[in-house]
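The numbering of the sequence shown is our numbering, which starts it at 634 and goes up by one.
Cβ coordinates follow ideal geometry from the N, Cα and C atoms, glycine included.
First up is the structure itself, then whatever we jot down about it.
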Amino acid sequence: MKKKEKQAKEKPPKEKRARKKPPKEKQTKEKKTKEKRTKAKQTGTEEEEYACKWNVEHVYREIRIIADCKDCGGKGDLNESSCMNGILDAVSAEGNADVVILSHFVEKQYFSYSLELLKRMAQVMQELSQLAIRDPYKEYFLSNDKLSTSQKSQQKSACEKCELNPHGLYPDLKKTFTTDIQEFYKSLFKTAKKLDKGPTFFCGPCLDTTQSDFVYMFNNLEDLREFIFYRGYNIVI
Ligand SMILES: [Zn+2]
Ligand SMILES: [Zn+2]
């Protein structure tokens, strides 16, 4: 891959800056409680994910997301999955936020390109959630009148067992996307390799669905990677 370095026109801002005291006329939106998120796993067991509580303040024209990290179980750091989960929820809900503040003993602020990166990551998370709800059996077979009831039920159980079924595939990918990005890419490439094996090994509808969704997802991830390289290292790829 050809890489060339591009001279930065403007330096990316530092991640942190001193927080000014909000003026008295600030408005505080109703506090959102997002302490726990419950995620249904494919196995039927439920797993709890913790996320920061956060609220939104409007200070003059600035929209601030403020996460209360003293209770979240994290340390007010985006390396902590609870903080990352909470902040990605928050930036999805408040797409126009100008600044994100992680409030712990020390406050950390994210704005400009750092915030843009969080918004792009939140978008990938939303897309992974959307892909997870696709049901290849329903899309390809349920309304097919040419198939008998027993053929349909055979296909349904094949889909349920198929390791390329989106219901099982994306929730796991989504989890590693925020907790371990290396693991995320590892599982992604492992699954992409499986796709080459073809319909002899996997159920046809799940294979078709996942093949086309992976192309879509790879394009989105490539956009994210380009953004990180350019804004983080001033490299155009
Ligand atoms: Zn937190
Ligand atoms: Zn299937």
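If you check the beta carbons only, do residue i and residue j fall under 7 angstroms apart?
{"i": "C685", "j": "G719", "result": "yes"}
{"i": "G706", "j": "S715", "result": "yes"}
{"i": "T833", "j": "L797", "result": "no"}
{"i": "C792", "j": "Y770", "result": "yes"}
{"i": "L761", "j": "K808", "result": "no"}
{"i": "P799", "j": "R767", "result": "yes"}
{"i": "R753", "j": "L854", "result": "no"}
{"i": "D731", "j": "E695", "result": "yes"}
{"i": "Q788", "j": "F774", "result": "yes"}
{"i": "L751", "j": "V724", "result": "yes"}
{"i": "M758", "j": "L802", "result": "no"}
Please confirm whether any heavy atom of ligand 2 lies closer than 6 angstroms to the CB of residue i.
{"i": "P832", "result": "no"}
{"i": "P799", "result": "no"}
{"i": "C922", "result": "Because the chain here runs from 634 to 870, residue 922 falls outside it and cannot be looked at."}
{"i": "P804", "result": "no"}
{"i": "C685", "result": "no"}
{"i": "C795", "result": "yes"}
Between the C-alpha atoms of residue i and residue j, what's the straight-line distance to the nearest angstrom?
{"i": "E690", "j": "N712", "result": "24 angstroms"}
{"i": "I699", "j": "L764", "result": "30 angstroms"}
{"i": "F744", "j": "Q756", "result": "17 angstroms"}
{"i": "L780", "j": "S786", "result": "10 angstroms"}
{"i": "F860", "j": "Y866", "result": "10 angstroms"}
{"i": "L828", "j": "F738", "result": "47 angstroms"}
{"i": "D704", "j": "F817", "result": "28 angstroms"}
{"i": "R864", "j": "N777", "result": "49 angstroms"}
{"i": "N852", "j": "S820", "result": "17 angstroms"}
{"i": "D841", "j": "Y693", "result": "50 angstroms"}
{"i": "G831", "j": "S790", "result": "19 angstroms"}
{"i": "R697", "j": "K741", "result": "12 angstroms"}
{"i": "A726", "j": "N688", "result": "11 angstroms"}
{"i": "V869", "j": "C839", "result": "36 angstroms"}
Find the nearest neighbour of residue i within the set the options, judged by alpha-carbon distance.
{"i": "I884", "options": "Q756, S762, D701 and V757", "result": "The structure shown does not extend to residue 884, since the chain is modelled only from 634 to 870, so the question has no answer here."}
{"i": "F862", "options": "D841, Y746, V848 and L780", "result": "Y746"}
{"i": "M850", "options": "F822, S725 and I696", "result": "F822"}
{"i": "V848", "options": "Q815, F817, A825 and C836", "result": "A825"}
{"i": "D813", "options": "W687, M717, R697 and Y683", "result": "M717"}
Mind checking whether the beta-carbon of residue i lies closer than 6 angstroms to any heavy atom of ligand 1?
{"i": "A755", "result": "no"}
{"i": "A730", "result": "no"}
{"i": "A726", "result": "no"}
{"i": "C705", "result": "yes"}
{"i": "C702", "result": "yes"}
Jot down the residue ranges of each uninterrupted alpha helix (DSSP H) in the segment 673 to 727, minimum 4 residues, whole runs only, in chain order. Counting only runs of 4 or more, we get 714 to 726.
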